[in-house]
Structure formats: C-alpha cells, structure tokens
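Enquirer: Have a look at the structure that comes next, please.
Residue numbers (our numbering): 200 to 326.
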C-alpha cells in the first residue's frame, strides 16, 4: 500500500470497497455520482489518496487551473481519493475509492487497490 498516501489508517469493519472512476465507462457519470452520494450520505472521511504521477498521461488527462479567492491560481491534478465510512448497525463498513480512471499502468493501479483491500480485510470489492 506504499503508493497510497494515507492521512490515517481507516478503522473499518470487514469493509465493502466500492470504486467508481470518471472516464468512458462512467455512463452519464452514474457511478461517480452514486459514490459521491454514498460519501455524503454516510459522512465518509477522506483517509487516503493515490499518487497520480505514475498512472496518468497528463497530455490526455490534463490538470485544470482555477482561481482561488479571485487571485491565486490553483492547479488541480487528476486524483483518486479513498474515503472510509462506519455504517452503524451494519455487518460491513465502507471504503469508497473515487477519482479518474488511470491512463497508464492499470495492472499496478488495480493491484494496489486489491492489496489495500486485502490488508484492510475487505469483504468484497465492487467496481
């Protein structure tokens, strides 16, 4: 799990890992919107990020620039974040992975997500 930058190790109970990525297979943004709904509904906490550097072709998936407070330019890179939610009364908690689908090294990317799921004793991974 070294390429995952953990802000804190999630204390989750046999989590269901749900992944949704922006890209060609996110028809009408249905998957990413559903995951955003879960993050909001369960008040999930961001616990980690996946370093984007080795997984994106930045000529194809470009960073964007926005103005902050009308003056400062902020570069927003493609990213993937991991949120944890404890679900009261449920058998499983949630680990929610959201972001932009990688354009490079899919095998390493998915392996990293699967390794994290195993280390956190995930019950199931849903994509």
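We put the CB at the ideal spot given by N, CA and C, even for glycine.
Being a predicted model, the structure only gives us computed values, none of them experimental.
Please list, in chain order, all residues of the same chain as residue 205 whose beta carbon is under 6 Å from its beta carbon, the five residues on each side excluded.
Expert: Once the five neighbours on either side are set aside, the close Cβ partners of residue 205 are 247.
Enquirer: Which complete alpha helix (DSSP H) runs does the stretch 259–300 hold, if anything under 4 residues is left out?
Expert: The stretch 259–300 contains no whole alpha helix (DSSP H) run of 4 or more residues.
Enquirer: Residue 245 CB to nearest chain D CB: under 8 Å?
Expert: Judged by its chain identifiers, the structure shown contains no chain D, having just a single protein chain.
Enquirer: Does DSSP put residue 200 in a helix, in a strand, or in coil?
Expert: Low confidence applies here, because residue 200 scores a pLDDT of 45, under 50, leaving its location unreliable and the question unanswered by this model.
Enquirer: So which of 269, 272, 249 has the shortest CA-CA distance to residue 305?
Expert: Ranking the options by Cα distance to residue 305, first place goes to 249.
Enquirer: Does residue 292 pass the burial test, meaning 16 or more other C-beta atoms within 10 Å, or should it be called exposed?
Expert: It is buried - the Cβ of residue 292 has at least 16 other Cβ atoms within 10 Å.
Enquirer: So for residue 172, helix, strand or coil by DSSP?
Expert: For residue 172 there is no data in the structure shown, the boundaries of the chain being 200 and 326.
Enquirer: Please report the straight-line C-alpha distance between residue 226 and residue 219, rounded to a whole angstrom.
Expert: Answer to the nearest angstrom: the Cα atoms are 11 Å apart.
Enquirer: Do residue 295 and residue 217 have their CB atoms nearer than 8 Å?
Expert: Yes, they are a contact pair.
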